[in-house]
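Residue numbers (the working numbering): 3 to 123. All residues carry an ideal CB built from backbone N, CA and C; glycine is no exception. Treat the numbers as computed from the prediction; the structure is a model and nothing was measured.
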């Protein structure tokens with residue numbers, strides 16, 4: 003498992019983007035961006051969301067927020083992984099949206115590092 007800290011000084015950062023600097027392993031000093039998109043889902047078509055779907059995408063980026071590629075031009079970016087929360091569980095307090103997002107970002111960092119290892123330099 004890699005260790006990381008929140009990165010700062012990233013230009014062109016979007017509202018739903020989070021940046022982490024790796025502090026251990028072979029990619030120490032590299033920056034991983036986690037993009038998250040939140041989509042409400044109205045399953046029963048009553049006008050109120052029943053679920054919230056979060057899509058998490060990880061990528062190695064430069065300090066100006068450009069996705070890095072390996073030597074063959076393949077981007078070091080994960081496919082999006084979708085996680086869902088029931089709106090009723092969030093409203094009742096049995097699920098904490100912020101805690102879940104933090105866990106999903108942490109998992110996405112590891113998936114992004116694993117992808118880079120598999121794709122190679």
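C-alpha gap between residue i and residue j, whole angstroms
{"i": "residue 21", "j": "residue 54", "result": "23 angstroms"}
{"i": "residue 42", "j": "residue 79", "result": "25 angstroms"}
{"i": "residue 30", "j": "residue 115", "result": "11 angstroms"}
{"i": "residue 37", "j": "residue 92", "result": "22 angstroms"}
{"i": "residue 117", "j": "residue 102", "result": "22 angstroms"}
{"i": "residue 62", "j": "residue 97", "result": "30 angstroms"}
{"i": "residue 13", "j": "residue 65", "result": "6 angstroms"}
{"i": "residue 7", "j": "residue 46", "result": "41 angstroms"}
{"i": "residue 87", "j": "residue 99", "result": "8 angstroms"}
Neighbourhood of residue i by C-beta, 6 angstroms cutoff - its chain only, sequence neighbours within 5 removed
{"i": "residue 82", "result": "57 and 59"}
{"i": "residue 35", "result": "19, 21, 61 and 63"}
Per DSSP, cross-strand counterpart(s) of residue i
{"i": "residue 6", "result": "24"}
{"i": "residue 17", "result": "Per DSSP, none; premise fails for residue 17."}
{"i": "residue 53", "result": "43 and 88"}
Bounding residues of the beta strand (DSSP E) (the contiguous stretch that carries residue i)
{"i": "residue 41", "result": "33-43"}
Any non-hydrogen atom of the ligand HEM closer than 7 angstroms to residue i Cβ
{"i": "residue 37", "result": "This structure does not include the ligand HEM; it has no bound ligands of any sort."}
Sequence-distant residues of the same chain with beta carbon closer than 7 angstroms to residue i, five excluded per side
{"i": "residue 3", "result": "112"}
Please list the segments of the beta strand (DSSP E) lying wholly inside the segment 55-110, counting only runs of 3 or more residues, in order along the chain.
-> 83-88
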